[in-house]
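This report refers to the structure that appears directly beneath it.
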Amino acid sequence: MRNPNKELNMLKNKHLLGLKEYPAKDLQTIIDTAYNFKTVLNRPIKKVPSLQGVTIVNLFFENSTRTKISFELAQKRLSADTVNFSASSSSLKKGESFKDTAQNIEAMKIDAVVMRHPTPGAADHLTNFIDSVVINAGDGTHEHPTQAILDMMSLHEKFGKLKGLKVAIVGDILHSRVALSNIYGLITMGAEVMLCGPSNLVPIHLKELGVKISYEINETLEWADAVNVLRIQRERMGKSLVPSIREYRQMFGITSKKLSVHKKEIVIMHPGPMNRGVEIDGDVADGDQAIILDQVLNGVASRMSILFLLCGGKNSDGEN
Amino acid sequence: MSIKKLNSRVALQNGSLLDPCSGKIYFGDILIEDGRISQIGKISFEGEVEKIDCTGKVVTHGFCDLHVHFREPGREDKETLETGTIAALAGGFTRVCVMPNTNPPLDTPEAISSVAKKAENLPVYIHPIGAITKNQSGDDITEMGLMKREGAVAFSDDGLPVQDGSMMRTALEYSNLVQLPIINHAEDECLRSNGLMNDGVVSSQLGLDGNLDLAESIMIHRDLELASYTKARLHIPHVSSSKSLEHIRNVKLRNQKITAEVTPHHLYFNEEALRDFNTNLKVAPPIRTEADRMSLINAVKDGTIDCIATDHAPHTIEDKETTFDLASFGMIGLESCFGAVNKVLIKENGMSLLEVIKLLTTKPRTIMGFENDLFKIGAEVELTVLDPDLEYVFKKENIKSRSINSPYLGETMIGKINYTISKNMVYKDVGSINK
């Protein structure tokens, strides 16, 4: 099953750095292909030889649990060879430069790099130094395109469409790469987006991207078909930007009480890891409305799709 | 590129002579004898004379930049007084003021004297600016009196804003003793926080921490009020935002001692240019919005801004070829200055060549108290010959600095320096002259 369908392998961009100006057609291709891979994941033998002989390096300059596991699983399910490299961001500042790390790894003949890095623009920067395919697994507070794609796949799976869908993103938008990539992707796919959170954590400038902004959770829930609940990342905040957990929970936390006011089913998403009892209550996260675990499985399928579409299609000579 | 000693008799022939001091523009020649102007106007030459053909070119005063970083002592890998001098000549500058944020900083009379002595034999006039506070720490004022005696022409903790208002007050009051300008890098550090670029539409889309224009304008407002209260001379460097201009414009109505500069890059670029994370555009204060850029251009036109200064800030490749958060702030700017401001102010915004040349010559010299009548008979030669219409793409070969951190690489510039003549030396831009 090596590149069975040439037409699939037709993404416009060589890399996946972010979803800003990413073609709608390609997003749809990725989602459609992800459905195919999801059927693979539901088989007893969950492995296909699509990326046999392809070497992928997971370059993680920042801690990550689920994104890293999700990528690794996706690579293993596709029969790619994978290598993991982890470094704390503090060691970057003293030791080897980013450029040297990148060039050294590429010199070992690899085909693609999946990178997580604390600095916005790091994935773009990497493409200046190496020829391999670069997949951004999160660059600081800039973008996290694969997360947004798996979120969109999950919405698509639930609703059967993205166009016209009303999606609210709730929480710390300012420090969220998940929010920014979701905004770009959802708007491109014709969905409507509303941002909701404490007024100091929702950059007013994002209105220019065509999103709605609200500081009122009830108004947001009334409007939304689905709510993507972001983790309150206290470790990201240099200063106390939220006065207290109890104030945040009361004003923005997704609780069954807040949901019950609205006479409709609102689909609940969360990119994880969750702070139960802070931005989302446990009973909501575990309830029927939540598709949080579907997101996790779709994450593996989406990443298989992305890896396959970007790295697949090499013939035995290694030529494209 | 070449620099050589000037022959004892040199004639600049058939140029358009533009004298920003008198405001006159006329065709003619200039005869230089033993490094001084001996005749100007229509000259019939006799005897042995080296002729430089200036047909179709403009001959004017050598430019003066009151804000450069030559990194000596301490970071000679980025720039030295000598390499900086060549960059200055390539940009048409015959006189520059070097900022004191070296390592160690120029915060003592001895340090000032050391730079002044080293610069004596270089082909450009180099004036050291002393630090406002010892070690630029913001705690204690420096020996301004003694530093002036050794050649300091102004005081600045550039790069490190004087945060403490009472320290700034003390510095301004004390500077009245020496009657030299205080130049404060105006940014409120608390408000700036970890800002990497202008806080706005682009920063929120790139996920980069923003630096609000208010961080600058609030500090400028404080400095303006303190300067007016103390009756001291305040020069405001690299103004970047509309909000700051409002304050400067208002206070200038009642206080003629205030002066302000703008850099070519704040006139040339806007924040959209940072979308591809080009670290060469990471500067302090940051490149701001198109509206800010247009306000700066208008402020140059209406005189709110007094002069242009490059803030030439060399950095190694390693300092810039890294991720955006780790990259150093600053860009080089001497070589690209005229091509950039000529393009923006004259070609795109209708200013006259005379007005723009003033921003690079008489205006900065007046702020610093330097001699301005450079076309008078007997004046030590400080001349620039330029072609205001030459279009070219700015390339690495146009850079003479030891560092190459320029965002103008690949940009189409209009206007180029052909010759710079200073201290009895002549710099010749071979590329443009052979065209």
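Chains A and B are the protein sequences, given in the same order. Mind the numbering: the first sequence is residues 44 to 363 in the numbering used here, read in order. Mind the numbering: the second sequence is residues 1179 to 1613 in the numbering used here, read in order. C-beta atoms are modelled at their ideal positions from N, C-alpha and C, and glycine is treated no differently.
Secondary structure of residue i, DSSP reduced to three states
i: B/E1226; result: coil
i: A/P188; result: helix
i: B/Q1314; result: helix
i: B/N1192; result: strand
i: B/F1447; result: coil
i: B/D1574; result: The sequence given here has Lys at residue 1574 of chain B, not Asp. Residue state, collapsed to three classes: helix.
i: B/L1205; result: Before going on, a small fix: residue 1205 of chain B reads as Phe here, not Leu. Of the three classes helix, strand and coil, the one that applies to B/F1205 here is strand, per DSSP.
i: A/I260; result: helix
i: A/K90; result: coil
i: A/Q118; result: helix
i: A/Q338; result: helix
i: B/H1239; result: strand
i: A/L273; result: coil
i: B/Y1303; result: strand
i: B/T1590; result: strand
i: B/E1499; result: coil
i: B/I1396; result: helix
i: A/M158; result: strand
Burial state of residue i, where buried means 16 or more other Cβ atoms lie within 10 Å
i: B/V1571; result: exposed
i: A/S224; result: buried
i: A/N341; result: buried
i: A/Q190; result: buried
i: B/S1419; result: buried
i: B/D1484; result: buried
i: B/E1288; result: exposed
i: B/V1608; result: exposed
i: B/E1513; result: buried
i: A/N127; result: exposed
i: B/M1397; result: buried
i: A/G281; result: Confidence at A/G281 is low in this model, with a pLDDT of 48, below 50, so its placement is unreliable and the value that follows should be read with caution. It is exposed - the Cβ of A/G281 has fewer than 16 other Cβ atoms within 10 Å.
i: A/N106; result: exposed
i: B/G1511; result: buried
i: B/E1224; result: exposed
i: A/R159; result: buried
Residues near residue i in its chain [Cβ-Cβ closer than 6 Å; skip 5 each side]
i: A/G296; result: E322
i: A/T231; result: A67
i: A/D326; result: S299
i: B/G1206; result: L1195, G1219 and K1220
i: A/A165; result: D182
Nonlocal neighbours in the same chain, by C-beta distance under 7 Å from residue i, ignoring five residues either side
i: B/V1461; result: H1443, F1507, G1508 and M1509
i: A/K55; result: P66 and D69
i: B/D1497; result: A1505 and S1506
i: A/S348; result: I73, T76, A77 and F80
i: B/G1323; result: L1355 and V1356
Interface partners of residue i on chain A, CB under 8 Å
i: B/V1379; result: H248 and E251
i: B/F1455; result: P163, G164, D167 and H168
i: B/S1367; result: According to the sequence provided, residue 1367 of chain B is Glu. The question's Ser does not apply to it. Per Cβ cutoff of 8 Å: no residues; B/E1367 is ~13 Å from chain A at best.
i: B/E1496; result: S140
Interface partners of residue i on chain B, CB under 7 Å
i: A/P163; result: L1384, G1385, L1386 and F1502
i: A/G183; result: G1385
i: A/F141; result: T1500 and T1501
Neighbour list for residue i in chain B, Cβ cutoff strictly below 8 Å
i: A/D124; result: Here the premise fails: no neighbours, minimum Cβ distance about 28 Å.
Residues near residue i in its chain [Cβ-Cβ closer than 8 Å; skip 5 each side]
i: A/C354; result: L94, V97, I99, A123, D154, A155 and V176
i: B/G1201; result: L1532
i: B/R1400; result: G1343 and M1346
i: A/V339; result: R109, S113 and G315
Cβ pair residue i, residue j closer than 9 Å
i: B/V1489; j: B/T1441; result: Here residue 1489 of chain B turns out to be Asp, not Val, going by the sequence shown. Contact flag set, yes.
i: B/D1231; j: B/A1487; result: no
i: A/D182; j: B/G1329; result: no
i: B/L1350; j: B/Q1314; result: no
i: B/K1536; j: B/I1592; result: no
i: A/K255; j: A/L238; result: yes
i: B/V1276; j: B/L1284; result: yes
i: B/E1293; j: B/E1250; result: The sequence shown places Val at residue 1293 of chain B, not Glu. Yes. Within cutoff.
i: A/V310; j: A/V270; result: yes
i: B/H1416; j: B/T1437; result: no
i: B/N1619; j: B/G1252; result: Residue numbering for chain B in the displayed model covers 1179 to 1613; residue 1619 of chain B lies beyond these limits and cannot be assessed.
i: A/I212; j: A/I226; result: yes
Beta-carbon neighbours of residue i, restricted to chain B and to distances below 9 Å
i: A/F351; result: The contacting residues do not exist; A/F351 stays about 28 Å from chain B at best.
i: A/L229; result: Residues of chain B passing the Cβ test: none, with the nearest at roughly 15 Å.
Any non-hydrogen atom of the ligand FMN closer than 8 Å to residue i Cβ
i: A/M294; result: Absent from the structure shown: the ligand FMN. Ligands present: none.
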